[in-house]
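Asks: One structure follows; several queries about it will come next.
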Amino acid sequence: AVLTRQLPTAGWLIVSGAVAAAVLAGGAMVALVLELDLPGVVADQPQRLIFLIFAVTIMAVVPAGTLGLRRAHEAALLREIDAARREAEKNRQLFEMETRYARARDLAASRRRELQHASHDLKQPLASLRLSLDALLADRDSSTRTRLADAFDYLDGLVSGLSARRDDAADATAPPSAADAGDAAGPAEPTEPYSVTLITGTIEQMFAEEAAAKGLAFTCTGADAVIERPVLPMLRLIANLTSNAIKHTAAGEVRVAAGPAEGAAAFVEVADTGPGLSADDLARLRQPGIKGEASEGSGWGLAIVDDLAAKLGAQVEFHTAPGAGMRVRILI
């Protein structure tokens, strides 16, 4: 039964023939050794002949069966090894596909965040430019002002459209992955040194009219201190803080100050007399895409501040409490 399961038909026929030949040959050899008279044995003691045939058959079948089982076992092992090899290859291909998908997803998330930051940063310069041009064209005819307003409305619509598509993304507020974190790892490379007053002077030009239009006192002061960080990211960082301060301050003032700092090359500080935040609210609003209930912004202001500060190798300190305004200090 074992042989019929383990060996193919041709193999079984060969083994059967070998067994029959072995029985006949074995019987003849035993008869010669024992000097038996086979015709006499068959006639006088048939049971001895039966025993002899049985013994010789067992001697022939056992080795043949063992050999067949061994070969079947080896064949089964080879099949298992081949199946394991195919499975390992499938797993390797699956791992490569998952790795490529993760890289593509992380790259898409990184590019989406760049678009989010860009759309957020475009809003403030557009608002400041609109206010400046409105003041310059106050004495022009209404058709000119209307065309200008339409142009700015179109630009605002483009920026708002970017924000809307951004917010519709399923994972727009997902935390950065390890691959994205590599983009912000370590401070930016040093650039040509410049005075921090370059930043405060530009901020004053950008936001003075907006603050005045809202009835806020706005001051920018700076003492000479030299820093070596890329100008544009530094300007974006302080502009985001200043924009948030003006946006969330209903009355009072917004102050921007800069100068030398103990233990650092320089500091830039933005303070306001707005409503302030609790520690829990501050931690929540620093998450990407999270905004306050009364906020009309995108919820990316403070998240962009943290991201830019990390890229610049700057330290951010928030000092705020409910009803006490907010003061944000950047150490470079």
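Add 1282 to the 1-based position in the sequence shown for my numbering, that's all there is to it. Cβ coordinates follow ideal geometry from the N, Cα and C atoms, glycine included.
Helix or strand or just coil, what does DSSP make of Gln1597?
Replies: Note: Gln1597 maps to strand in three-state DSSP.
Asks: List the residues that DSSP assigns as beta-bridge partners of Tyr1476.
Replies: According to DSSP, which records beta bridges pairwise, Tyr1476 is partnered with Ile1509.
Asks: When you compare only the Cα positions, how much space is there between Ala1391 and Pro1542?
Replies: Answer to the nearest angstrom: the Cα atoms are 37 Å apart.
Asks: Among residues of its own chain, excluding the 5 on either side of Ala1466, which ones have a beta-carbon nearer than 7 Å to its beta-carbon?
Replies: Bear in mind that a pLDDT of 42 at Ala1466, under 50, signals an unreliable position, so the number given afterwards is only what the model happens to contain. Taken in chain order, the residues that qualify are Asp1589, Ala1592, Lys1593.
Asks: Report, in whole angstroms, the separation of the C-beta atoms of Ala1499 and Ala1547, which I expect to be a contact under 8 Å.
Replies: Their Cβ separation, rounded to whole angstroms, is 29 Å, which puts Ala1499 and Ala1547 out of contact at 8 Å.
Asks: Should the stretch 1478-1497 be called in touch with the stretch 1526-1536, which here means at least 3 C-beta pairs below 8 Å?
Replies: Because the criterion of three Cβ pairs below 8 Å is met, the stretch 1478-1497 and the stretch 1526-1536 touch.
Asks: Comparing alpha-carbon positions, which option in Arg1518, Leu1564, Asp1562, Gly1605 lies nearest Val1587?
Replies: Taking only the C-alpha atoms, the option nearest Val1587 is Arg1518.
Asks: Sort Val1538, Leu1413, Glu1492, Met1379 by Cα distance to Thr1479 and report the nearest one.
Replies: When only C-alpha atoms are compared, the closest one is Val1538.
Asks: Return helix, strand or coil for Pro1557, following the three-state DSSP convention.
Replies: In this structure, Pro1557 counts as coil in the three-state DSSP scheme.
Asks: What three-state label does DSSP hand Pro1570 in the structure shown?
Replies: Coil, per DSSP.
Asks: According to DSSP, is Gly1545 part of a helix, a strand, or is it coil?
Replies: Coil.
Asks: Does the Cβ of Asn1522 have 16 or more other Cβ atoms within 10 Å, making it buried, or fewer, making it exposed?
Replies: With 16 or more Cβ atoms within 10 Å of its Cβ, Asn1522 is classed as buried.
Asks: How is Ile1614 classed by DSSP in three states: helix, strand or coil?
Replies: Correct three-state label for Ile1614: coil.
Asks: Rounded to a whole number of angstroms, what is the C-alpha to C-alpha distance between Gly1483 and Leu1389?
Replies: Cα-Cα distance, rounded: 36 Å.
Asks: Measuring only the C-alpha atoms, how far is Val1351 from Met1379?
Replies: What sits at residue 1351 in the sequence shown is Leu, not Val. The straight-line gap from Cα to Cα measures roughly 42 Å.
Asks: Kindly identify the DSSP beta-bridge partner or partners of Phe1249.
Replies: Lying before the first or after the last residue shown, residue 1249 is absent from the chain, which here runs from 1283 to 1614.
Asks: My understanding is that Val1598 touches Ile1614, with C-beta atoms under 8 Å, so please give their C-beta distance in whole angstroms.
Replies: Not quite, the Cβ-Cβ distance comes to about 11 Å (not below 8 Å), so this is no contact.
Asks: Express the C-alpha separation of Gln1375 and Glu1492 in angstroms, rounding to a whole number.
Replies: Glu1492 and Gln1375: Cα-Cα distance of roughly 57 Å.
Asks: With distances taken from CA atoms, which of Leu1430, Ala1540, Leu1584 is nearest Leu1411?
Replies: Taking only the C-alpha atoms, the option nearest Leu1411 is Leu1430.
Asks: Please report the straight-line C-alpha distance between Ala1532 and Ala1561, rounded to a whole angstrom.
Replies: Between Ala1532 and Ala1561, the C-alpha separation is close to 21 Å.
Asks: Mind checking who Val1587 pairs with in its DSSP beta bridge?
Replies: According to DSSP, Val1587 bridges with nothing at all.
Asks: Any idea what DSSP makes of Arg1609, helix, strand or coil?
Replies: Here Arg1609 sits in strand by DSSP.
Asks: Please work out which residues of its chain come closer than 6 Å, Cβ to Cβ, to Thr1473, disregarding the five sequence neighbours upstream and downstream, and give them in chain order.
Replies: Excluding residues within five positions, the ones whose Cβ falls inside 6 Å are Glu1510, Pro1512.
Asks: Specify the secondary structure class of Ala1466 as computed by DSSP and reduced to three states.
Replies: Reliability fails at Ala1466, whose pLDDT of 42 lies under 50, so the model's placement of it is uncertain and the value that follows must be treated cautiously. Residue state, collapsed to three classes: helix.
Asks: Do you know how far the Cα of Thr1524 is from the Cα of Arg1427?
Replies: Answer to the nearest angstrom: the Cα atoms are 28 Å apart.
Asks: What did DSSP end up calling Thr1531 once you bin it into helix, strand or coil?
Replies: In the structure shown, Thr1531 sits in coil (DSSP, three-state: anything other than H, G, I, E or B).
Asks: Using 8 Å for Cβ pairs, my map puts Ala1585 next to Arg1568. What's the rounded Cβ distance?
Replies: Contact holds; Cβ gap of about 6 Å.
Asks: When you compare each of Ala1358, Ala1596, Ala1365 to Phe1549 by their alpha carbons, which one comes out closest?
Replies: Looking at the Cα atoms, Ala1596 is the closest of the given residues.
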